[in-house]
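Comments concern the structure below.
Residue numbers (my numbering): 54 to 277.
As structure tokens, then:
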């Protein structure tokens, strides 16, 4: 008998329909909300008392140096939706990694400790904002062509001090719009002219065969 609504931009195609669903929730006409990350996007649900996050550690496996930061922000936002106007709110996180620093920070509410750990790890790993990153993504409609060209690109990389080239490996999002994707990552000290290094590298790369493509993203926000 519980009144349930699905809150997802994939299932609610128009802005007007989304507004109607939000209005239903805000007015207390909904008992259970099943939603995606959109639930965390600044909505105010005054009668929301309990929040549950399924597979809360799913984002930890991404090969993205900001994965922990993003997971922490999202979980903090979602669990913070509960109990804003009711007497007591509760938040539950399903996880296979209860000792992970992100999960511990959510449990304890110690944001400062989490931030300090992130800073130390990024300094040690030469990661932004204490280092530079660049992603080279190779794609092709044929899987073998994509892989072969990725290795060709990797073998063309110039040697340089305080620059590390990682890969090639299949990109986390290994296929997009019918194209197989491989990726290399470049890590460098903060004072290195990464653009100059990449220009030198690109000039040494053999011409792509068939429909293989190469894209370069300096200091990428998305690592997929």
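No residue lacks a Cβ here, since even glycine has one placed at the ideal position from N, Cα and C.
Three-state class that DSSP yields for residue i in the structure shown
| i | result |
| --- | --- |
| residue 128 | helix |
| residue 228 | strand |
| residue 112 | helix |
| residue 201 | helix |
| residue 154 | helix |
| residue 83 | coil |
| residue 72 | helix |
| residue 144 | strand |
| residue 185 | strand |
| residue 57 | strand |
| residue 67 | coil |
Residue i classed as buried or exposed, judged by whether at least 16 other C-beta atoms fall within 10 angstroms
| i | result |
| --- | --- |
| residue 87 | exposed |
| residue 221 | buried |
| residue 155 | buried |
| residue 278 | Lying outside 54 to 277, the shown extent of the chain, residue 278 is not represented and no answer is given. |
| residue 159 | buried |
| residue 274 | exposed |
| residue 72 | exposed |
Residue i: first and last residue of the uninterrupted alpha helix (DSSP H) it sits in
| i | result |
| --- | --- |
| residue 247 | 247-257 |
| residue 172 | 164-178 |
Span of the beta strand (DSSP E) around residue i
| i | result |
| --- | --- |
| residue 103 | 103-106 |
| residue 269 | 266-271 |
For residue j and residue i, believed in contact at Cβ under 8 Å, the rounded distance
| i | j | result |
| --- | --- | --- |
| residue 198 | residue 235 | Contact doesn't hold; Cβ gap of about 10 Å is too wide. |
For the region 142-153 against the region 85-104, do three or more pairs of beta-carbon atoms, one drawn from each stretch, fall closer than 8 Å, so that the two count as touching?
yes
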